[in-house]
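Right, one structure below, let's go through it.
In the working numbering, the protein residues as written are 171 to 651.
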């Protein structure tokens, strides 16, 4: 992420400023949204019923399914390039393989083979049981190796360039564009994990006690989430001095090593670097995209689909896309990532204001599983018009800017174009305020209601006393309905 922002013309320190701001926003939202799952032991699909209505909950789930499938497609292609580099390092015949695809395909034969193999490798990981600690330990080990690899690439680049490069302090963007460039960078940083922010309750519902997840969220987002982009920024700046251009994709560096020197040492270095990068993509594709999308698909058809089947179905659908068309260059990649924020930003803003301000962290759990007009969350024919109206009003003004970002030949007013650079903050804030205003004028009758008894056993005795509910036995985690 950091290296791709450097490739667009910002200096390293300008990018890092944007990343720190973006990560602080991400951490705050992650803790807020994750509190829902930790408090009540429910995931995003279930809580959406309280916010959108029993039938309206399919709207945000569909949005997350689409974003999740696109995310799976993009990450699988990036992982496939890592496989390509690994095979090129292992087999000289593969390294010299002739491309049999036309130039307009935007993908080469080697890359296509790597993409197919990466998808096959992903399958057994998606079949793992999310609630088991063993799979979590495996992914922690994989992330540790990936961290060492990215750190090693940065050290190599700095030593080879005899410094961090000119982009450390100077970027090619003119001074007049730096401010908007940083705003766009912040939006892109947040957009890169927008789907993951929606998924926070899906994982925090496994927390032993409410609040136990906060330290891990802050540490992973603010510490590791800042260090990794810093490695990418410095590497991209150094590659500007080494190769004459800022390389935003670290796998491309490993491939360049092989092209310039196909010795045994270079092949070994390229293989282990590509392996670490591939493992990083595998973890992201499994946890952030695969399992989250699987949960939504399971919520749509729980009788036929569980989380693992849903994740495999999402991977199958993603294989039918052409992700390489979305990754032709850094600008296209960042526009694709930022587009997530248009629809997800308002959803998150509405969700936070609803849970903390309007409901005061109180939910009637039993009503989340009752599909009848008497249910507290049935609203109007199963839809909550307050949420739908606020969400639509929040993202429609951003469409012209998004269209211009995708196709600069389509001219729009200057303000509309720049509004897209603030898409997440604008959409989330506007959506939350409009939703709050509508509910103050037309309040639903169920705000702040809770069950008389803890029928799902999600609260400790102390928590139950605070929520004015009874019949507490033991805290348990509810599966996605």
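Where a beta carbon is used, it is the ideal one built from N, C-alpha and C, also for glycine.
Any beta carbon of chain D sitting closer than 8 Å to that of residue i?
i           : result
residue 376 : Looking for chain D here will not work: only one protein chain is present.
Under the assumption that residue i contacts residue j (Cβ atoms under 8 Å), give the Cβ distance between them as a whole number of angstroms.
i           : j           : result
residue 355 : residue 185 : 6 Å
residue 392 : residue 193 : 6 Å
residue 288 : residue 246 : 6 Å
residue 525 : residue 616 : Not quite, the Cβ-Cβ distance comes to about 14 Å (not below 8 Å), so this is no contact.
residue 374 : residue 207 : 4 Å
residue 556 : residue 618 : So it is not a contact: roughly 16 Å between Cβ atoms.
residue 462 : residue 238 : 6 Å
residue 408 : residue 334 : 6 Å
Would you tell me roughly how many angstroms separate the C-alpha atoms of residue i and residue j, rounded to the nearest one?
i           : j           : result
residue 670 : residue 560 : Absent from the model: residue 670. The displayed extent of the chain is 171 to 651, so no value can be given.
residue 369 : residue 458 : 8 Å
residue 431 : residue 262 : 12 Å
residue 311 : residue 564 : 41 Å
residue 448 : residue 553 : 42 Å
residue 217 : residue 296 : 24 Å
residue 275 : residue 251 : 15 Å
residue 215 : residue 421 : 35 Å
residue 181 : residue 614 : 49 Å
residue 398 : residue 417 : 15 Å
residue 540 : residue 446 : 47 Å
residue 219 : residue 284 : 40 Å
residue 438 : residue 256 : 9 Å
residue 379 : residue 544 : 32 Å
residue 622 : residue 221 : 21 Å
residue 487 : residue 376 : 28 Å
residue 389 : residue 576 : 34 Å
Let me make sure I understand the geometry here. Which of the options has the alpha-carbon closest to that of residue i?
i           : options            : result
residue 269 : 199, 260, 304, 282 : 282
residue 236 : 481, 556, 619      : 481
residue 360 : 594, 234, 181, 284 : 594
residue 404 : 306, 324, 387, 213 : 324
residue 314 : 491, 463, 453, 575 : 453
residue 598 : 318, 562, 540      : 562
residue 433 : 259, 463, 534      : 259
residue 266 : 539, 596, 574, 254 : 254
residue 570 : 588, 556, 558, 557 : 588
residue 568 : 292, 357, 274      : 357
residue 523 : 600, 414, 473      : 600
residue 134 : 425, 396, 327      : In the structure as shown, the chain begins at 171 and stops at 651. Residue 134 is therefore absent and cannot be evaluated.
residue 244 : 419, 538, 605      : 419
residue 225 : 471, 585, 479      : 471
residue 367 : 249, 605, 513, 604 : 513
residue 516 : 201, 233, 183, 204 : 233
residue 424 : 441, 415, 414      : 441
Could you check if residue i is buried or exposed, using at least 16 other CB atoms within 10 Å of its CB as the buried criterion?
i           : result
residue 542 : exposed
residue 329 : exposed
residue 591 : buried
residue 581 : exposed
residue 550 : exposed
residue 319 : buried
residue 566 : exposed
residue 521 : buried
residue 495 : exposed
residue 429 : exposed
residue 492 : exposed
What does residue i pair with, by DSSP beta-bridge criteria?
i           : result
residue 553 : 550
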